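**Q** Can you read through this structure? Questions will come right after.
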Amino acid sequence: MWVSSVWRTTLSPGRRAHSALAQLRGILEGELEEIRGAGTWKSERVITSPQGPSIRVDGISGGILNFCANNYLGLSSHPEVIQAGVQALGEFGAGLSSTRFICGTQSIHKKLEAKLALFHRREDAILYPSCFDANAGLFEALLTSEDAVLSDELNHASIIDGIRLCKAHKYRYRHLDMADLETKLKEAQKHRLRLVATDGAFSMDGDIAPLREICRLAAQYGALVFVDECHATGFLGPTGRGTDELLGVMDQVTIINSTLGKALGGASGGYTTGPEPLISLLRQRSRPYLFSNSPPPAVVGCASKALDLLMENSAIVQSMAAKTRRFRSKMEAAGFTISGVDHPICPVMLGDARLSSQMADDMLKKGIFVIGFSYPVVPKGKARIRVQISAVHSEEDIDRCVEAFVEVGRLHGALP
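If you count the sequence shown from 1, position 180 lands on 180 in this note's numbering, and the numbers rise without skipping.
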């Protein structure tokens, strides 16, 4: 009788699993409700057209001006870029169905790697499925417990995650603070290698790393310099080669990581470029490279053609710079605070997460696609609407965007 009673009160494996799932659902719903309550819920709008300066959004009639994409050069829907992707798909198929060291690589990948190295004036390059993977795969393969990495506190999440994976001693210096970096470099002198890691252009704030000063300090204290150029490749510098070209230190930056998913075609894929021995080591030890398929041939074909177009004519780079200045100057004249300097990322600083979200929703009603950014994407109290200028925006597009911001800003009390 006692055994029978115990048996009846003991949950079966199926019921225990159901109980655990119910517990999980309760925890998750609680966390989700906290996000909704804080006004930081991130909804995804559904686009029903190709990327471009004007797009179609599900549930909204008519064209919408898109000021929210990293389509800096407007090449994601360029007819030659699309045709190159179609041609690569027909010639090389959908993909290799495995990693490169297992079943080989394709000539289209090797050609793009060589082209990227040439573009950046480096010795070699290696492709990854994304720049997040490139950042995740670099530090662990390069640095050991004998080494040190010094990272700007506002570096991209992928750099932070990549650094966490490595065993190097970790130093974090205050954002763009060269005095603090020098202090940390002095502290790090006891380590074998010292690597300074920074975004070239910081995507949330639109500011640019002081690479001249970083490289000067690196030379003074025997350190290497790594730069993530995702928000610089293709459009910063006289020929679009990035912040190292813009600031005249191409020969002083050791390693560059960047993306194919923004200015260079807008699809996906990332890469590391730098000294040939480093790239060879990454092919042997970088886990995201060794355990992930390469970017699909269609993506590689699109990126390769985008790079060709950029190298053939950099006039589009100058066009975007002028449009960026137009937007920033008009918004500041209207009374908005715009973070950063001379970068097509133009954060409209609002401070309040709910205000940012509500204004972005009202901008959409006026035919302007922008998104509010809040914690944890940006620090608490630093909510904003991040506007992104593209070379394919017309001056009329920019003026219309500013006019909508002024109307919505007054409606919500963000402007007098």
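For every residue, glycine included, the Cβ atom is placed at its ideal position computed from N, Cα and C.
Given the structure is predicted, the values throughout are model-derived calculations rather than measurements.
1) Measuring CA to CA, which of 226, 236, 273 is closest to residue 253?
2) Are residue 51 and residue 19 close, meaning C-beta to C-beta below 8 Å?
3) By the 10 Å Cβ neighbour count, where 16 or more other Cβ atoms means buried, how is residue 342 classified, buried or exposed?
4) Taking just the CA atoms, how far does residue 280 sit from residue 98?
5) Keeping to the same chain, check which residues put their C-beta closer than 8 Å to that of residue 162; ignore five residues upstream and five downstream.
6) Taking the alpha-carbon positions, what's the residue 411 to residue 44 distance?
7) Using alpha carbons as the reference points, say which of 221, 177, 335 lies closest to residue 192.
8) Starting from residue 268, follow its DSSP beta bridges and name the residues at the other end.
9) Is it buried or exposed for residue 416, if we count other Cβ within 10 angstroms and need 16 for buried?
10) What is the residue span of the alpha helix (DSSP H) that residue 189 lies within?
11) Please state whether DSSP places residue 173 in a helix, a strand or coil.
12) Taking the alpha-carbon of residue 145 as reference, which of 322, 106, 112, 169 has the nearest alpha-carbon?
13) Do residue 75 and residue 266 have their C-beta atoms within less than 8 Å of each other?
14) Does DSSP classify residue 346 as helix, strand or coil?
15) Determine, using beta carbons only, whether residue 249 and residue 212 come nearer to each other than 8 Å.
16) For residue 386, which of helix, strand or coil comes out of DSSP?
17) From the DSSP output, in three-state form, read off residue 303 for me.
18) Between which two residues does the alpha helix (DSSP H) carrying residue 289 extend?
19) Starting from residue 151, trace the beta strand (DSSP E) in both directions and tell me its first and last residue.
20) If we count the other Cβ atoms within 10 Å of its Cβ and call it buried at 16 or more, is residue 386 buried or exposed?
21) Whose CA, out of 147, 180, 173, 175, lies closest to the CA of residue 166?
**A** The relevant details are as follows:
1) 226
2) Cβ distance not < 8 Å, so residue 51 and residue 19 don't count as in contact.
3) exposed
4) 20 Å
5) 135, 136, 137, 138, 139, 140
6) 24 Å
7) 221
8) When beta bridges are read from the DSSP output, residue 268 appears opposite no residue.
9) exposed
10) Looking at the DSSP string, residue 189 is not in any alpha helix (DSSP H), and its letter there is neither H nor E.
11) strand
12) 169
13) Going by C-beta atoms, residue 75 is nearer than 8 Å to residue 266.
14) Here residue 346 sits in strand by DSSP.
15) yes
16) Three-state result, residue 386: strand.
17) helix
18) Residue 289 -> alpha helix (DSSP H) spans 287–290.
19) 148–152
20) It counts as buried.
21) 147
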